Amino acid sequence: MTSDPRSVLRRPASEPDFTLRYGEHPDHVADVRLPAVPNAPLVLFVHGGFWRHEWDRAHAAPLAGDLAARGYAVATIEFRRTGQTGGGWPGTFSDVAAAAVAVPDQLAKEVAHRGLLPVSVDRPIMAGHSAGGHLALWYASVAPDAVGGVVALAPVADLTRAYELDLDGGAVADLLGGGPESVPEAYRSADPLRNLPSGVRTVIVHGADDDIVPVELSRDYCRAARRAGDDATLVELAGVEHFGVIDPLSLAWTAVLAAFGTVTRGETAQGD
Numbered sequence: 002m003t004s005d006p007r008s009v010l011r012r013p014a015s016e017p018d019f020t021l022r023y024g025e026h027p028d029h030v031a032d033v034r035l036p037a038v039p040n041a042p043l044v045l046f047v048h049g050g051f052w053r054h055e056w057d058r059a060h061a062a063p064l065a066g067d068l069a070a071r072g073y074a075v076a077t078i079e080f081r082r083t084g085q086t087g088g089g090w091p092g093t094f095s096d097v098a099a100a101a102v103a104v105p106d107q108l109a110k111e112v113a114h115r116g117l118l119p120v121s122v123d124r125p126i127m128a129g130h131s132a133g134g135h136l137a138l139w140y141a142s143v144a145p146d147a148v149g150g151v152v153a154l155a156p157v158a159d160l161t162r163a164y165e166l167d168l169d170g171g172a173v174a175d176l177l178g179g180g181p182e183s184v185p186e187a188y189r190s191a192d193p194l195r196n197l198p199s200g201v202r203t204v205i206v207h208g209a210d211d212d213i214v215p216v217e218l219s220r221d222y223c224r225a226a227r228r229a230g231d232d233a234t235l236v237e238l239a240g241v242e243h244f245g246v247i248d249p250l251s252l253a254w255t256a257v258l259a260a261f262g263t264v265t266r267g268e269t270a271q272g273d
């Protein structure tokens, strides 16, 4: 456990085994880390940072490295973000969708070409933190048959409420181009709360002391998802803030690993 919760954002971690390209933009890439076991389940991880270009996939390396060491194949995808040409609505979303379609097939071909252990790429797990958790939930809602489950860590699960709370100084307005009244179609399409049920098993892990993305967003999402008929569980962690859920050195990490076990092996989720 570390005294500075943000230390994970700058902590050195293992380099990826290789990087795949899924499009022409410099950020159309995914870093791949592989375990030393055959037929490992694939996790497509979407990093956080409020969809802003200041934050990239580098800070998710400790999480990806730890998951790979525990038997998961992890592809950490990059995408265009706000502040970049083509970032925001709809480019950020089309990038994530394109990566989710292309990366599993490319990964299977790459490991075969390199003579590496095979990876189970059919219906990968979508996972993400914060804004990346939102994108993981969103993709599951638009392509449920392509997703084996969702693990969302402190996600921005309700864009309308996040806009009202002005999270990160207008991050949602920057992403979608305005508020719900000015760009209603963007909110209807981009907000996972408005696209329930997804039909995809979902586990959300969220710290009760999160002052960056309030846990109320995850509470409301899970209640609405269950009312719509989804298998959705919230694991709310007392004493945990925003970054503990992506830090393998934090006390929250056991709960995060259990969430991945729930969606990959059909274990019973322990939550609300």
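Residue numbers 2 to 273, in the working numbering, belong to the letters of the sequence shown in order.
For glycine and all other residues, C-beta sits at the position ideal for the given N, C-alpha and C.
As the structure is a prediction and not an experimental result, all values here were calculated from the model.
Q. Under a Cβ-count criterion, where at least 16 other Cβ atoms within 10 Å of its own Cβ denotes burial, should His207 be classed as buried or exposed?
A. Against the sequence shown, residue 207 aligns to sequence position 206. With 16 or more other Cβ atoms within 10 Å, it is buried.
**Message:** With distance defined between alpha-carbon atoms, name the residue in Leu21, Gly262, Ala226 nearest to Val102.
**Reply:** Locating residue 102 in the sequence shown gives position 101, counting from the first residue. The shortest C-alpha separation from Val102 is found at Leu21.
Element boundaries [alpha helix (DSSP H), containing Pro42]:
Translated into positions along the sequence shown, residue 42 becomes position 41. Here Pro42 belongs to no alpha helix (DSSP H); instead the beta strand (DSSP E) covers 41 to 47.
Where the alpha helix (DSSP H) through Ser95 begins and ends
Taking the sequence shown and counting its residues from 1, one reaches residue 95 at position 94. Unbroken alpha helix (DSSP H) run through Ser95: 92 to 115.
Q) Looking at the structure shown, is Arg12 part of a helix, part of a strand, or coil, going by DSSP? A) Along the sequence shown, read from residue 1 onward, the residue named residue 12 stands at position 11. Coil at Arg12, not helix or strand.
Leu194 vs Ala225 beta-carbon contact at 8 angstroms:
The residue labelled residue 194 in the question sits at position 193 within the sequence shown. The residue labelled residue 225 in the question sits at position 224 within the sequence shown. It is a contact, given that the beta carbons lie within the stated cut-off.
- Task: Measuring alpha carbon to alpha carbon, tell me which of Leu166, Gly49, Glu25, Pro63 ends up nearest Pro17.
- Result: As a first step, residue 17 is located in the sequence shown; it is residue number 16 there, counting from the start. Taking only the C-alpha atoms, the option nearest Pro17 is Pro63.
6 angstroms CB neighbourhood of Asp96 in its chain, flanking five on each side removed: Reading the sequence shown from its first residue, position 95 is the one you call residue 96. Around Asp96: Phe80, Arg81.
### Message
Rounded to the nearest angstrom, what separates Glu1 and Ala74 at their Cα positions?
### Response
Within the shown structure, residues of the chain are numbered from 2 to 273, placing residue 1 beyond reach of any answer.
| Can you give, in chain order, each stretch of the beta strand (DSSP E) that sits fully within the segment 145 to 184 and has at least 3 residues? | 150 to 154
query: Per DSSP, Asp5 forms a beta bridge with which residues?
result: The residue you call residue 5 lines up with position 4 of the sequence shown. Answer by DSSP bridge pairing: none, since Asp5 is not bridged.
Between the segment 122 to 132 and the segment 39 to 47, do three or more beta carbon pairs fall short of 8 angstroms?
yes
Three or more C-beta pairs closer than 8 angstroms, one from the segment 178 to 197 and one from the segment 139 to 158: is that the case here? yes
message: Could you tell me the alpha carbon to alpha carbon distance between Leu117 and Ala260, rounded to whole angstroms?
response: Translated into positions along the sequence shown, residue 117 becomes position 116. Translated into positions along the sequence shown, residue 260 becomes position 259. Approximately 27 angstroms between the Cα atoms of the pair.
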